[in-house]
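J.:
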Amino acid sequence: MKGLRDITSFGKVEAEDDAVLNYFVEMNITENINSEDTFLVLGRKGSGKTALFRYFTEDKHKECSTALNLNGYPWRIHEKIKDDGVEPVESYVASWKYLIAVEMVKLVLTLSDRYQMTEVIELNKFLNDNYGTNSPSIKNIFSPQKLVISGDLEPQILGCKLGKISLNKKESDMSLGSELNALTEKLLSSVKKIAKVSEITKMFVHFDELDRGITTLQDSRKDMIIGLVLASKEIRKILNENNSLFKSVVYLRKDIWDELKFSDKNKITESNTDLIEWTHEQLFGLIEKRIKVLLGSKACWADIDDGKRINSQPKWKHIIDRTLMRPRDVISFLNTLLEVTLKKEGNNLKFENKDVVDARPKYSNYLKHELDDEILPHWEDWEVCLQALSRIGKLYFKKEDYSHVYKNIETKENKTYSEYQSLEELYNFSVIEYEVRSGYGGSAWKSKFANPELGWDINAIRFKVHLGLKEYMKLKEERT
Ligand SMILES: Nc1ncnc2c1ncn2[C@@H]1O[C@H](COP(=O)(O)OP(=O)(O)OP(=O)(O)O)[C@@H](O)[C@H]1O
Ligand SMILES: [Mg+2]
Numbered sequence: 004m005k006g007l008r009d010i011t012s013f014g015k016v017e018a019e020d021d022a023v024l025n026y027f028v029e030m031n032i033t034e035n036i037n038s039e040d041t042f043l044v045l046g047r048k049g050s051g052k053t054a055l056f057r058y059f060t061e062d063k064h065k066e067c068s069t070a071l072n073l074n075g076y077p078w079r080i081h082e083k084i085k086d087d088g089v090e091p092v093e094s095y096v097a098s099w100k101y102l103i104a105v106e107m108v109k110l111v112l113t114l115s116d117r118y119q120m121t122e123v124i125e126l127n128k129f130l131n132d133n134y135g136t137n138s139p140s141i142k143n144i145f146s147p148q149k150l151v152i153s154g155d156l157e158p159q160i161l162g163c164k165l166g167k168i169s170l171n172k173k174e175s176d177m178s179l180g181s182e183l184n185a186l187t188e189k190l191l192s193s194v195k196k197i198a199k200v201s202e203i204t205k206m207f208v209h210f211d212e213l214d215r216g217i218t219t220l221q222d223s224r225k226d227m228i229i230g231l232v233l234a235s236k237e238i239r240k241i242l243n244e245n246n247s248l249f250k251s252v253v254y255l256r257k258d259i260w261d262e263l264k265f266s267d268k269n270k271i272t273e274s275n276t277d278l279i280e281w282t283h284e285q286l287f288g289l290i291e292k293r294i295k296v297l298l299g300s301k302a303c304w305a306d307i308d309d310g311k312r313i314n315s316q317p318k319w320k321h322i323i324d325r326t327l328m329r330p331r332d333v334i335s336f337l338n339t340l341l342e343v344t345l346k347k348e349g350n351n352l353k354f355e356n357k358d359v360v361d362a363r364p365k366y367s368n369y370l371k372h373e374l375d376d377e378i379l380p381h382w383e384d385w386e387v388c389l390q391a392l393s394r395i396g397k398l399y400f401k402k403e404d405y406s407h408v409y410k411n412i413e414t415k416e417n418k419t420y421s422e423y424q425s426l427e428e429l430y431n432f433s434v435i436e437y438e439v440r441s442g443y444g445g446s447a448w449k450s451k452f453a454n455p456e457l458g459w460d461i462n463a464i465r466f467k468v469h470l471g472l473k474e475y476m477k478l479k480e481e482r483t
């Protein structure tokens, strides 16, 4: 069995660069995507969306899945493919449906061996005529000025055959949506026929990284994200067949989803969405799995921990309590802890309490920056709240102290939120927890991530800053 000296890290903190499939931990969500109604996967930053996306597109169902990473996607070009005949929130549904249809066409053509089938020949021709290849990249789907269509694929609108659809419309055009929809239906009906004859029962296209490059979440981007979700819903309806499963699955940050407004949102949240959430035990399981892969199949946490409790807790629990219950936080803490531990002398190294304490400041700094990435697109001046909390200087604080300090901080522009609204927002991003008193004289701290069923309590008077931020903000632990 190897020891801590033999490893350099517990993995990379981004699933893109991590060997995540070597130590993947299955979650309840995996089954739902595979067989149930789920087509939207929500999770906070670092919760494991890309890990899941890779699991489906590289490991399980690799053959029948397409991985579409929207990092570097030409959003600006897609923005012009707008259907002006419908409400703004629906104006990108037709274009996404067409894009998903093209991806389904590409997939069915690679899976089917019926080269002589009329539909196969026609779909190949369609792709070659318009894109010069039968596997155009997602980035080029909307690059042609126009789409030319011939044969049985040629759609009809009001009795007229459409030989081409112009994508290069200067002025607003009411008909683009219906033209694209008519073409999409033709494409999908051929896809269905080919799948049936070729006995293909599963096809998935997965979309990840819709949020890459967002510094402020603009309305047009919101409409495009809504469009992709609604298009995935409609595609499922159109392709729904007995005994087969054809879907488009979208992986999205929860904070972005929370900002979107459209009429079907509740229904989709209820029926078609899975939220990635982790418990202490599952996160400990994730640590143990990595230890086994990195140090040997018999290795476990007890082999790398000196066994001493820290504040009467096992060390792993102390670590997880400083995370927002997300794998990235856990891995980041462990990597920093390892770095600190490796500076010690000797060969049979173990994690000691002192090492954990020494690792906390760097981890705390990481957590603050991860929160910046998550919060800044929604709330430019959230730093003002951190200033207020730093000025109070304590982990535990009262509402009145906060409101006094917050109001007195001078800012160049008006603050986005009033003092009370800002507390609620801090709670929403799990930066603070509030105290709930029970009828028996006891009390407990409630956080958004540990108790998602509880909403914000407007009457709460005592709060606690998340433990992971204590070192970054130099807070003292004394109670007020
Ligand atoms: N199910 C899992 N099993 C093992 N490791 C996981 C799992 N889920 C996530 N991880 C690890 O946690 C880290 C963060 O996960 P990931 O990059 O997938 O998060 P994300 O939700 O895509 O974050 P972002 O919103 O920043 O893209 C990665 O190192 C990843 O390998
Ligand atoms: Mg990701």
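Quick note: the sequence shown uses the numbering used here, first residue 4, plus one each step. For every residue, glycine included, the Cβ atom is placed at its ideal position computed from N, Cα and C.
#1: Please look up how many angstroms separate the CB atoms of M206 and F249, rounded, as I've assumed it's under 8 Å.
#2: Less than 8 Å between the CB atoms is what I'm expecting for I32 and V23, so what's the real figure, rounded?
#3: Closest to K357 by CA distance: which of I197, G51 and T344 is it?
#4: Which whole-angstrom value describes the C-beta separation of L190 and A104, a residue pair presumed to lie in contact below a C-beta threshold of 8 Å?
#5: Would S367 pass as a contact of L472 if the rule is Cβ separation under 9 Å?
#6: For N72, report the span of its beta strand (DSSP E) as first-last.
#7: Assuming P364 contacts E480 (C-beta within less than 8 Å), just tell me the rounded distance between them.
#8: Can L53 be considered in contact with ligand 1, in the sense that its beta carbon sits closer than 8 Å to one or more heavy atoms?
#9: Excluding the five sequence neighbours on either side, which residues of its own chain have a C-beta within less than 8 Å of the C-beta of L362, listed in chain order?
#10: Should D211 be listed as close to ligand 2, given that the test is whether its C-beta is under 8 Å from any heavy atom?
#11: Return yes when the Cβ of T218 is within less than 9 Å of the Cβ of P380, no when it is not.
#12: What do you get for H372, buried or exposed, if any count of 16 or more other CB atoms within 10 angstroms of its CB means buried?
#13: Grab the span of the alpha helix (DSSP H) containing V408 for me, first residue to last.
#14: Roughly how many whole angstroms lie between the Cα atoms of L242 and E188?
#15: Please find out if some non-hydrogen atom of ligand 2 comes closer than 8 Å to the beta-carbon of E61.
#16: Taking the Cβ atom as the reference point for each residue, do S178 and I160 lie within a distance shorter than 9 Å?
#17: Is the beta carbon of F354 sitting closer than 9 Å to the one on L7?
#18: When you compare only the Cα positions, how much space is there between K167 and A70?
#19: Exposed or buried, what is L352 when buried is set at 16 or more other beta-carbons lying within 10 Å of its beta-carbon?
#20: With which residues is R440 paired in a DSSP beta bridge?
#21: Pick helix, strand or coil for I323, following the three-state DSSP scheme.
#22: Taking only heavy atoms of ligand 2 into account, decide whether any of them is closer than 8 Å to the Cβ of Y254.
#23: Using only the alpha-carbon positions, how far apart do W319 and S38 sit?
#24: What's the call for S153, buried or exposed, on a 16-neighbour Cβ count within 10 Å?
#25: In the stretch 19-93, which residue ranges form an unbroken alpha helix (DSSP H) of at least 4 residues, counting only runs that do not cross its ends?
#26: Pull the bridge partners of F145 from the DSSP assignment, please.
#27: Tell me the DSSP bridge mates of I435?
#28: In three-state terms, what does DSSP make of C303?
#29: Identify whether S247 lies in helix, strand or coil by the three-state DSSP scheme.
#30: Are V208 and L126 close, meaning C-beta to C-beta below 9 Å?
#31: Can you tell which of S138, E262, I271 and R117 has the C-alpha that lies nearest to the C-alpha of S201?
#32: Which stretch, first to last residue, makes up the alpha helix (DSSP H) that contains D332?
#33: With distances taken from CA atoms, which of M30, S12, G216 and K410 is nearest E280?
#34: When DSSP labels each residue in this structure, what does S181 get in the three-state scheme?
#35: So does the stretch 461-469 actually touch the stretch 429-443, counting three or more Cβ pairs closer than 8 Å?
#36: Ligand 1 and V296: does any heavy atom of the ligand fall closer than 8 Å to the residue's C-beta?
T.: The short version:
#1: 5 Å
#2: Rounded, the Cβ-Cβ distance is 15 Å, inconsistent with contact.
#3: T344
#4: 4 Å
#5: yes
#6: S68 to N72
#7: Rounded, the Cβ-Cβ distance is 15 Å, inconsistent with contact.
#8: In the sequence as presented, Leu is not what sits at residue 53; that position holds Thr. Yes, ligand 1 has a heavy atom inside 8 Å of this Cβ.
#9: Residue identity differs from the one stated: residue 362 is Ala in this sequence, not Leu. The residues are F336, T339, L340, E342 and V343.
#10: yes
#11: yes
#12: exposed
#13: K402 to N411
#14: 10 Å
#15: no
#16: yes
#17: yes
#18: 29 Å
#19: buried
#20: S446
#21: helix
#22: yes
#23: 34 Å
#24: exposed
#25: 31-38, 52-57 and 78-82
#26: Looking at the DSSP assignment, F145 forms no beta bridge with any residue, so it has no partner.
#27: V468
#28: coil
#29: strand
#30: no
#31: R117
#32: P330 to T344
#33: M30
#34: helix
#35: yes
#36: no
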